Amino acid sequence: MQRLDQSPTEPGFVQNPYPFYSRARAAGPLVFWAEYDMPMATTHGAVNTILRDRRFGRETIVPIEFPEHSAPFYAVEQHSMLELEPPRHTRLRGLVLRAFTSRRIQSLAPEIAALAHDLARKIPDGDTDLLDAYCRPIPVIIIARLLGVPEEMAQDLVGWSSAMVQMYQARRTKAEELAAAKAASDFADFLRAYVEKRRSDPRDDLITALIAAEEEGEKLTTDELITTCILLLNAGHEATVHTMGNGIKLLLDNGLHPATQVDLLVEEILRHDPPLHLFTRTAYEDVTLFGHTFRRGDQVGLLLASAGRDETVYSQADHFIPDRQDGPANLAFGAGLHFCVGAPLARLELQIALPILFEHCPNLRLTEPPKYGNIYHFHGLERLMTRR
Numbered sequence: 002m003q004r005l006d007q008s009p010t011e012p013g014f015v016q017n018p019y020p021f022y023s024r025a026r027a028a029g030p031l032v033f034w035a036e037y038d039m040p041m042a043t044t045h046g047a048v049n050t051i052l053r054d055r056r057f058g059r060e061t062i063v064p065i066e067f068p069e070h071s072a073p074f075y076a077v078e079q080h081s082m083l084e085l086e087p088p089r090h091t092r093l094r095g096l097v098l099r100a101f102t103s104r105r106i107q108s109l110a111p112e113i114a115a116l117a118h119d120l121a122r123k124i125p126d127g128d129t130d131l132l133d134a135y136c137r138p139i140p141v142i143i144i145a146r147l148l149g150v151p152e153e154m155a156q157d158l159v160g161w162s163s164a165m166v167q168m169y170q171a172r173r174t175k176a177e178e179l180a181a182a183k184a185a186s187d188f189a190d191f192l193r194a195y196v197e198k199r200r201s202d203p204r205d206d207l208i209t210a211l212i213a214a215e216e217e218g219e220k221l222t223t224d225e226l227i228t229t230c231i232l233l234l235n236a237g238h239e240a241t242v243h244t245m246g247n248g249i250k251l252l253l254d255n256g257l258h259p260a261t262q263v264d265l266l267v268e269e270i271l272r273h274d275p276p277l278h279l280f281t282r283t284a285y286e287d288v289t290l291f292g293h294t295f296r297r298g299d300q301v302g303l304l305l306a307s308a309g310r311d312e313t314v315y316s317q318a319d320h321f322i323p324d325r326q327d328g329p330a331n332l333a334f335g336a337g338l339h340f341c342v343g344a345p346l347a348r349l350e351l352q353i354a355l356p357i358l359f360e361h362c363p364n365l366r367l368t369e370p371p372k373y374g375n376i377y378h379f380h381g382l383e384r385l386m387t388r389r
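Just so we're aligned, residue 2 is where the sequence shown starts under this note's numbering, counting upward by one.
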């Protein structure tokens, strides 16, 4: 296995990691990324295989050691189905899907459209950061409405979410760990009180539905319910904001407006410049794949963004082709057991919001070159300055 060196916080990499991914794929389906001290799956085939291989999973064999100041964050994380395996993952995901149904998600379409029209109409005439004016408000307001949380709490939700997701970034500092711990504690305290209120005053919202979700006598505990709500916000908000910003940038860079086949456009954005670039798995037994033997407990990184640029499965893989129909499904939301439960909502928001933005702002243009934030493993813009 070839060893590659690349700092994930180096400015050139942050702005354009794709040349490194190309170099990594050329070295083989597995490479050893020195800075992470672990093998990385680089191709679509390798990433897809490991995502679906039940001999790999999210739970670590050796318990995570974390500093005491991070304890409130990990107290929330221990109940996240993102970090769990069967049978607990199966139980949690099944209960969540009983509440987070496709019918409930599709019923949000008129609300998403109305919100997008309202925000697009209010975009100022002068230079405007579209992330703040359009991309960030849509997913957080929709998830607040879905959960049944007061809309005026949106800024608190964004603040808590933004602080917590710092824990997944390569460059995190102790100050950010402290902020994440406080945000996790504050978020959990707020939701604990809110859940208790909903137990005695049920409404037509997701928190009430999660409280009511039951299968063979099993229910979500309060801690599980709180963590599920936090996961839906944190994962859904960050990914949708980054994808929307990246997508608008791609359209403006290429002088394009959303095509009539907006579903294909959204998939191409997710393939070409996804919001999450790296996810990890742990081997649960000794496994030999792609010429390498993983020992029980070994970790492997899955380069989701590299998989999307794999030239062996996508023609002109480095080109943005809005109506692309070749190649396999992108892996931006994962695959297999841990496929993102919020993916249908994220796709719906993107499919509705992108055309509406350009309907109201047909002459939209960039007023400064967008820069990506130093937030790897995420990949999203610091700001998106435009003029309508």
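Using N, Cα and C, we set each Cβ at its ideal position, and we do this for glycine too.
As the structure is a computational prediction, the values presented were derived from the model and not from experiment.
Any idea what DSSP makes of Glu383, helix, strand or coil? Translated into positions along the sequence shown, residue 383 becomes position 382. Glu383: coil per DSSP, three-state reduction.
What do you reckon, are the CB atoms on Val77 and Ala189 nearer than 8 Å? Numbered from its first residue, the sequence shown carries residue 77 at position 76. Numbered from its first residue, the sequence shown carries residue 189 at position 188. The answer is yes: Cβ separation under 8 Å.
Using only the alpha-carbon positions, how far apart do Leu31 and Arg122 sit? Along the sequence shown, one-based indexing puts residue 31 at 30. Along the sequence shown, one-based indexing puts residue 122 at 121. For Leu31 and Arg122, the distance between alpha carbons rounds to 48 Å.
DSSP-derived helix/strand/coil call for Lys198: Counted from its first residue, the sequence shown places residue 198 at position 197. DSSP places Lys198 in helix when its eight states are reduced to three.
Might you give, ordered along the chain, the residues of its own chain that have their beta carbon closer than 6 Å to the beta carbon of Asn247, omitting 5 neighbours on each side? Numbered from 1 along the sequence shown, position 246 holds the residue referred to as residue 247. For Asn247, where only same-chain residues beyond five positions count, the Cβ hits under 6 Å are Asp274.
Can you list, in chain order, the residues of its chain whose CB lies under 7 Å from that of Arg200, leaving out five sequence neighbours each side? As a working note, residue 200 is residue 199 in the sequence shown. Closer than 7 Å at the Cβ level, and outside the excluded window around Arg200, lie Ile212.
Of all the options Ser108, Thr244, Gly160 and Ala185, which has the alpha carbon lying nearest to the alpha carbon of Phe334? In the sequence shown, residue 334 corresponds to position 333, counting from 1. The shortest C-alpha separation from Phe334 is found at Thr244.
Looking at the secondary structure, which residues open and close the alpha helix (DSSP H) in which Met154 lies? As a first step, residue 154 must be located in the sequence shown, where it is residue number 153. No alpha helix (DSSP H) holds Met154; DSSP gives it neither H nor E.
Status (buried if at least 16 other CB within 10 Å, exposed otherwise) for Ile320: Counted from its first residue, the sequence shown places residue 320 at position 319. Per the sequence shown, residue 320 should be read as His rather than Ile. When all chains shown are included, His320 counts as exposed.
Out of Leu109, Glu369 and Asp311, which has the shortest C-alpha to C-alpha gap to Asp254? For this step, residue 254 is matched to residue 253 along the sequence shown. Nearest of Leu109, Glu369 and Asp311 to Asp254, Cα basis: Glu369.
Would you mind sorting Thr61 into buried or exposed? The rule is 16 or more other CB atoms within 10 Å of its CB. If you number the sequence shown from 1, residue 61 lands on position 60. Thr61 should be labelled exposed.
How about Leu332 and His45: do their beta carbons lie closer than 8 Å? As a first step, residue 332 must be located in the sequence shown, where it is residue number 331. As a first step, residue 45 must be located in the sequence shown, where it is residue number 44. Contact flag set, yes.
Identify, in the order they occur along the chain, each residue of the same chain with its Cβ nearer than 8 Å to the Cβ of Ala236, setting aside the five sequence neighbours on each side. Here residue 236 refers to the residue found at position 235 when the sequence shown is read from its first residue. Cβ neighbours of Ala236 beyond the five flanking positions: Leu83, Cys341 and Gly343.
On the three-pair Cβ rule with 8 Å, is the stretch 3-18 touching the stretch 281-290? no
In whole angstroms, give me the CA-to-CA distance for Glu36 and Ser162. Position 35 of the sequence shown, counted from the start, is the residue given in the question as residue 36. Position 161 of the sequence shown, counted from the start, is the residue given in the question as residue 162. The straight-line gap from Cα to Cα measures roughly 27 Å.
So which of Tyr135, Thr129, Pro68 and Arg173 has the shortest CA-CA distance to Ile376? Within the sequence shown, the letter at position 375 stands for residue 376. Checked all of Tyr135, Thr129, Pro68 and Arg173; the closest Cα to Ile376 is Arg173.
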